[in-house]
Structure formats: structure tokens, C-alpha cells
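Report on the structure given below.
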Amino acid sequence: MAEVPPPLPQPAGGDVDRVAPFLAIYWVEVFFAILIVCLRMWARHVIRNFGPDDWVMLFTLFMQIVLAGFVTRYALIGGTKHLYYLKPEEMTEILRWSYIFQCWGIMAVAPAKVSVGLLINRLIRPFYGWRYWVMWISLALMVILSVLDSIFTYVQCNPAEALWNKSITDAKCWDPSIQANISIAHGAYSVFCDGLLAFIPVTLLWKIQMPVKRRVGLSILLGLGLFAAVAGSIKTSKLAKLGARSDLTWEMYDLIIWAGTENFVVLFCGCIPPLKPLWDQLGGRGGSLLNSFHVSWRGTKITEDESLVSEQNHSLGALAGSKKSSMSVDNVYALPKRSV
Numbered sequence: 001m002a003e004v005p006p007p008l009p010q011p012a013g014g015d016v017d018r019v020a021p022f023l024a025i026y027w028v029e030v031f032f033a034i035l036i037v038c039l040r041m042w043a044r045h046v047i048r049n050f051g052p053d054d055w056v057m058l059f060t061l062f063m064q065i066v067l068a069g070f071v072t073r074y075a076l077i078g079g080t081k082h083l084y085y086l087k088p089e090e091m092t093e094i095l096r097w098s099y100i101f102q103c104w105g106i107m108a109v110a111p112a113k114v115s116v117g118l119l120i121n122r123l124i125r126p127f128y129g130w131r132y133w134v135m136w137i138s139l140a141l142m143v144i145l146s147v148l149d150s151i152f153t154y155v156q157c158n159p160a161e162a163l164w165n166k167s168i169t170d171a172k173c174w175d176p177s178i179q180a181n182i183s184i185a186h187g188a189y190s191v192f193c194d195g196l197l198a199f200i201p202v203t204l205l206w207k208i209q210m211p212v213k214r215r216v217g218l219s220i221l222l223g224l225g226l227f228a229a230v231a232g233s234i235k236t237s238k239l240a241k242l243g244a245r246s247d248l249t250w251e252m253y254d255l256i257i258w259a260g261t262e263n264f265v266v267l268f269c270g271c272i273p274p275l276k277p278l279w280d281q282l283g284g285r286g287g288s289l290l291n292s293f294h295v296s297w298r299g300t301k302i303t304e305d306e307s308l309v310s311e312q313n314h315s316l317g318a319l320a321g322s323k324k325s326s327m328s329v330d331n332v333y334a335l336p337k338r339s340v
């Protein structure tokens, strides 16, 4: 049976509402998420080359905006205050919204990672070998774990309404630590996927004979997912507070912020590599990180064409699992030829 929560002690700090910084963080992130995705779509329009990775990232942006809407509703009805100062009916409504956006936030992180995987597929094509299977099996498990974590969030109490309606005292509920441990495992695996998506393209780049400066630049550009891993690690470290069914609103403040930040960082970093045409259009030096290069694989011999714009529109071949293939970023990054 569900335990009747003990009376909450009066908080030492008084009736404090942290709504302003809470909403500021979320909506600033939404603003920059919209900006970076719009720039990505503009860059794709310039080269007339949209792909499934772009549409999945657009869906990720939709998920992020809806998540911000949910947490805004949660915050405006008192979700950033101590439970002690809330009326029973307010407490019920706030906790109900907290479980709504928890599930949405859990599901929102997976599409961005899938988009990054699809981008790697476009850059490394044909993409075979162990890297391909490790990446896609890992991403499939990420999606499955996200769905399961969302389901377990609701089924931990029967009826589920007992999670937010504390007047239901005859419900059967799991120990709160069970759901917390499930979420920690999901968060840790999410961090692993971020690291994996940064690691796979870098392992290919270091097989290519090119100037070290360019190799390092490309590795940094395609390894930005490590920032998402850092944000995910911080969020995961705070997931133990899911077991706090006492002053839940106050205890989950940092967790909610870092959950949204992790989603934002994955989205933002995943949109930076496709922006190379933007730098080219503006004449920026940043485009040099992804200046088009062409290499051929013949056994263990790799050669590089140092021209900035290839005369042909090659696919970016895979080093993994291919005896003879070609590589070029032109099919994803090159600007259309202009008439003189």
C-alpha cells in the first residue's frame, strides 16, 4: 500500500519561488535551439540537400519546445516552490504536471541522438563494419530504454493517480528507489551513447592521411557530443532525487533544469557540423574545418586531394568494412557552383 507521507517540516528559507531563473534558463535554451535549427535548415537549403537527419532534428526541436511549455505550466502553478506552502489541490496539480513532463523529457533526448547517427551515416557512406552495427544497435537500445523508462514512471503506482494524488492511501507502489535506479541506468546509458557518437567518426578521421591541424579540427567538430555527455552526467548525478516523494518540487529543481539542458546541448552540438555552408557563404575561416577533401582507400594506402572544392560530388565513403571506397564531404557540405 502507498505510505501516507508525513507532515512536511517548514522550510528554513521561507516561502521562496524560483520561477524566474527557472523559466529564463528553459526559454533561453529554446531560443538558441530554434536559432541553430533554423540555421541548419538554411544551410541545407543553400546546398539543396535535405536529409532524414535534418527532419529528425526538427522533430527534436518540437519536443524541446513542448517540454518547455510543460515545465512553464508546472512552474507557473507553483512547481518551483516548497510543497509546504502549497494547498492540497495545488500540490496534486503540480505533481500531476511533473509526471507529464518527466515522461516527455525522457522521450525527448533520444531523437537528437538518432539525428546525429543519421548525419554520421550521410558523412560515412557506405557505412559498414563494426562501427555501423555498434552505433545503430546502441541507438536502438537508447530508444527502447527511453520508452521503458517512460512506462515505468507511470506504472510504479497502481493506480497511477496515486503518484500525484496523495489522498489515495490504498494504492500499491514500488519503493521510490526502484524508479530512481531505472532512471539512473537510462541516464548513464544516454551518456555512453553521446560518447560513442563522438568516438566513431573520430576513429575514422585518424586513419586518413591529412594535415594534423585539419584532422584535429574535424575531430573537434564531430566530437562535440562530448559536451552532451558532460551535461548528461550532471543530470544523471541528480536522478537519485526522484526517490524524494516529500518536498519533491524543491528537490527536483536542479534535475529539471539539467534534463532540459542535456536535451538542448545534444540538439545544439548535433546542428553545428551541418553549418559549414553558412561559414562558406559568409567567407568565414570556420569553414576551413570542413574544407572538402577526397581520399581513396586501396588496401592500406590512403591519398588526399587538397583542393578546396572537388569537381565531383562523391559520397563520403567508409573506411570501416570497405576495401575500396572514396570519401568526400562535398555531398553534404559543398555549395552549388555559381555562374561567373
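In full-length UniProt numbering, the protein residues as written are 1 to 340. Ideal Cβ positions, reconstructed from N, Cα and C, are used throughout, including at glycine. What you are looking at is a predicted structure, and each value in this text was computed from that prediction instead of being measured.
Over the uninterrupted alpha helix (DSSP H) stretch that includes residue i, give me the two end residues.
i: Leu222; result: Val212 to Leu222
i: Trp174; result: Element bounds for Trp174: n/a, residue is neither H nor E.
i: Tyr85; result: Per DSSP, Tyr85 belongs to no alpha helix (DSSP H) and is neither H nor E.
i: Met41; result: Val19 to Ile47
i: Ile257; result: Tyr253 to Cys271
i: Trp206; result: Taken as a continuous stretch (DSSP letters only), Trp206 belongs to no alpha helix (DSSP H), as it is neither H nor E.
i: Trp164; result: No alpha helix (DSSP H) holds Trp164; DSSP gives it neither H nor E.
i: Asp53; result: Pro52 to Tyr74
i: Val236; result: Note that residue 236 is Thr in the sequence shown here, rather than Val. Residues Gly225 to Ser237.
So, with DSSP's three-state summary, where would you put residue i?
i: Asn291; result: Residue confidence for Asn291 is low, a pLDDT of 44 falling below 50, so the modelled location carries little weight; the figure read from the coordinates is stated next. In the structure shown, Asn291 sits in coil (DSSP, three-state: anything other than H, G, I, E or B).
i: residue 366; result: Because the chain here runs from 1 to 340, residue 366 falls outside it and cannot be looked at.
i: Gln10; result: coil
i: Asn121; result: helix
i: Leu308; result: With a pLDDT of 27 at Leu308, under the threshold of 50, the modelled position of this residue cannot be trusted; read the value that follows with caution. If DSSP states are grouped into helix, strand and coil, Leu308 belongs with coil.
Can you check whether the CB of residue j is closer than 9 Å to the CB of residue i?
i: Ile184; j: Leu239; result: yes
i: Ala33; j: Phe268; result: yes
i: Val19; j: Thr92; result: no
i: Ala68; j: Val30; result: yes
i: Ile200; j: Val134; result: yes
i: Cys193; j: Ala171; result: no
i: Gly232; j: Gly187; result: yes
i: Asp53; j: Leu118; result: yes
Count the other C-beta atoms from every protein chain shown that fall within 10 angstroms of the C-beta of residue i, then say buried if there are 16 or more, exposed otherwise.
i: Asn313; result: Residue confidence is low: Asn313 scores 35 on pLDDT, short of 50, so the model does not pin down where it sits. No coordinate-derived value is stated.
i: Thr169; result: exposed
i: Gly14; result: exposed
i: Pro111; result: buried
i: Glu306; result: Residue confidence for Glu306 is low, a pLDDT of 31 falling below 50, so the modelled location carries little weight and cannot support an answer.
i: Glu89; result: exposed
i: Thr203; result: exposed
i: Val16; result: exposed
i: Ser98; result: buried
i: Gln179; result: buried
i: Ser177; result: exposed
At least 3 beta-carbon pairs within less than 8 Å: the region 150-165 vs the region 215-224: no
Validate contact between the region 39-53 and the region 260-274 using beta carbons, cut 8 Å, 3 pairs: yes
Given 8 Å, three or more beta-carbon pairs between the region 70-90 and the region 45-56: no
The region 56-66 / the region 95-115 touching (three or more Cβ pairs under 8 Å): yes
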